[in-house]
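Residue numbers (my numbering), protein chains in the order written: chain A, 112 to 365; chain B, 112 to 365. Backbone N, C-alpha and C fix where the C-beta goes; we use that ideal spot for every residue, glycine too. Just so we're clear, the structure is a prediction, and the values are computed from it rather than from any experiment.
Here it is, written out as structure tokens:
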């Protein structure tokens with residue numbers, strides 16, 4: 112588990128745990144401030160995926176470029192410069208997208224990256240959640256969460272998905288359990304709902320300071336994502352304010 | 112004359128040449144990156160000036176706060192963070208406003224800050240400009256521009272306004288002369304037109320890299336200006352993109 116006390120792993124952590132078994136150097140190289148931007152030229156192929164066309168294709172192509180990071184706004188947005196203008200990136204939505212795709216690939220490869228805990232984590236659950244955990248022990252294990260009944264409403268977490276560094280496990284389970292105990296869902300739906308909750312908890316939160324290096328690393332990972340435009344819940348990840356708009360406002364052009 | 116080869120004087124140059132005879136320390140102190148923002152608490156009193164009311168007063172009050180500089184966008188805009196949101200500042204318009212007010216005060220105090228040149232600057236003018244310079248020698252001197260006829264269309268510039276560091280004098284005169292040779296203008300109108308041309312040429316241009324220190328220094332000076340909202344030609348100096356707008360776009364609020 113990373114030493115960082117926050118919920119954002121140290122730079123490179125996500126790359127090191129890249130689930131497809133590629134060496135990080137093949138996937139991405141850290142960019143430096145002020146260097147010319149470069150495009151991400153190792154697109155990740157998804158079997159059966161049809162590339163979008165028209166404006167959506169343009170938007171995607173733009174997101175494959177790694178913009179220059181200017182800095183952080185309100186501890187929530189990454190402010191970037193591109194050839195077209197000012198790009199705002201919602202840090203949580205972007206990271207959620209990145210973590211979600213990594214988790215999904217990891218699950219699809221049937222080898223979720225699991226982190227065995229040296230000291231098991233003791234959890235005291237309410238009656239309802241305790242019942243759900245006992246009923247769903249197998250499903251939880253398939254998600255990389257190894258949890259054991261200790262007696263009463265007490266449980267021991269023995270292993271966690273490697274991508275979920277330091278989540279608040281009680282809050283996490285209280286959101287995860289209602290999603291996966293719904294009846295009538297296919298295995299695929301159940302997995303997808305669980306991954307969304309996991310991605311949300313594993314992603315850097317709004318209100319957290321990010322270093323230039325962390326922001327640059329996140330944008331590189333976002334550029335490599337399959338669907339960088341939206342977070343798994345469908346919220347937008349980026350907002351472009353074009354030079355044309357800005358120039359019009361400042362009456363630099365009419 | 113400053114040693115800086117560009118047309119933006121080194122940090123503090125404008126403050127050192129502050130025409131009201133105050134010590135720079137009384138006027139402003141340099142801010143550092145990451146320090147909490149502070150308000151500019153030495154407002155410059157203009158005799159007879161009525162403070163605005165309503166939304167304009169609010170906008171002015173906002174401009175008296177010195178925002179945190181995030182960085183520079185497209186070598187043209189200063190990107191800042193305020194409590195309300197993202198503030199874009201047009202670097203040229205902002206500096207033009209600052210230089211214009213300094214020049215105007217300097218003129219009104221009847222002691223324009225003049226820089227004697229060690230080596231006079233030789234200018235070869237076209238016939239029309241040469242005639243205008245000869246006719247307007249006195250007006251030019253009152254603006255701090257001491258220019259002497261050398262023979263034919265050749266002139267020597269012997270002294271320049273201290274605030275106009277390294278302007279391109281031929282371009283500058285070709286813009287200034289038509290402004291001040293118009294008939295039927297009052298002395299006040301003539302002066303104001305001349306000051307606007309001077310401010311434009313003395314201000315940092317779009318497309319010029321500015322350091323964090325230069326951007327912070329400029330915002331401090333802008334906060335101290337009488338009319339920080341607009342450049343002398345009436346173009347806007349700042350554009351605020353409120354957190355509310357940004358949050359709505361990213362669906363953080365509905």
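CB contact below 8 Å: residue i versus chain B
i	result
residue 364(A)	no
residue 178(A)	no
residue 329(A)	no
residue 185(A)	yes
residue 337(A)	no
residue 350(A)	yes
residue 303(A)	no
residue 313(A)	no
residue 295(A)	no
Cutoff 6 Å; reference residue i; Cβ partners in own chain excluding five residues on either side
i	result
residue 204(A)	342, 346 and 348
residue 358(A)	364
residue 254(A)	305
residue 352(B)	196 and 197
residue 194(A)	none
residue 137(A)	For residue 137(A), the pLDDT reaches just 30, beneath the cut-off of 50, and the residue's location in the model is therefore unreliable, although a value from the coordinates is still provided. The answer is none, since no qualifying residue turns up.
residue 313(A)	210, 274 and 275
residue 251(A)	258
Nonlocal neighbours in the same chain, by C-beta distance under 7 Å from residue i, ignoring five residues either side
i	result
residue 372(A)	The structure shown does not extend to residue 372(A), since chain A is modelled only from 112 to 365, so the question has no answer here.
residue 130(A)	Residue confidence for residue 130(A) is low, a pLDDT of 28 falling below 50, so the modelled location carries little weight and cannot support an answer.
residue 243(B)	288 and 292
residue 362(A)	none
residue 206(B)	314, 315 and 329
residue 310(A)	207, 210, 211, 214 and 343
residue 259(A)	266, 267 and 269
Beta-carbon proximity check, residue i vs residue j, cutoff 8 Å
i	j	result
residue 308(B)	residue 290(B)	yes
residue 215(A)	residue 334(A)	no
residue 234(A)	residue 283(A)	no
residue 339(B)	residue 222(B)	no
residue 270(A)	residue 249(A)	no
residue 189(A)	residue 182(B)	no
residue 285(A)	residue 337(A)	no
residue 274(A)	residue 200(A)	no
residue 261(B)	residue 350(A)	no
residue 247(B)	residue 316(B)	no
residue 263(B)	residue 354(A)	no
residue 177(A)	residue 325(A)	no
Where residue i falls: helix, strand or coil (DSSP)
i	result
residue 201(A)	strand
residue 270(A)	strand
residue 307(A)	helix
residue 182(A)	strand
residue 340(B)	coil
residue 260(A)	strand
residue 255(B)	coil
residue 277(A)	coil
residue 196(B)	strand
residue 349(B)	strand
residue 224(A)	coil
residue 189(A)	strand
residue 245(B)	helix
residue 326(B)	helix
residue 301(B)	helix
residue 234(B)	strand
Within-8 Å CB hit, residue i to chain A
i	result
residue 333(B)	no
residue 192(B)	yes
residue 204(B)	yes
residue 353(B)	no
residue 359(B)	no
residue 189(B)	no
residue 316(B)	no
residue 158(B)	In this prediction, residue 158(B) has a pLDDT of 40, which is less than 50 and means its spatial position is unreliable; what the coordinates show is noted afterwards. Cβ-Cβ to chain A under 8 Å: no for residue 158(B).
residue 346(B)	yes
residue 198(B)	no
Residue i Cβ short of 7 Å to the ligand GTP heavy atom set
i	result
residue 221(B)	Questions concerning the ligand GTP fall outside what the structure shown contains, since it holds no ligand whatsoever.
Own chain residues within Cβ distance below 8 Å of residue i, not counting five before or after
i	result
residue 132(A)	In this predicted model, residue 132(A) has a pLDDT of only 28, less than 50, meaning its place in the structure is not dependable; the value taken from the coordinates is given anyway. Nothing listed; no residue qualifies.
residue 231(A)	259, 267, 268 and 269
residue 356(A)	196
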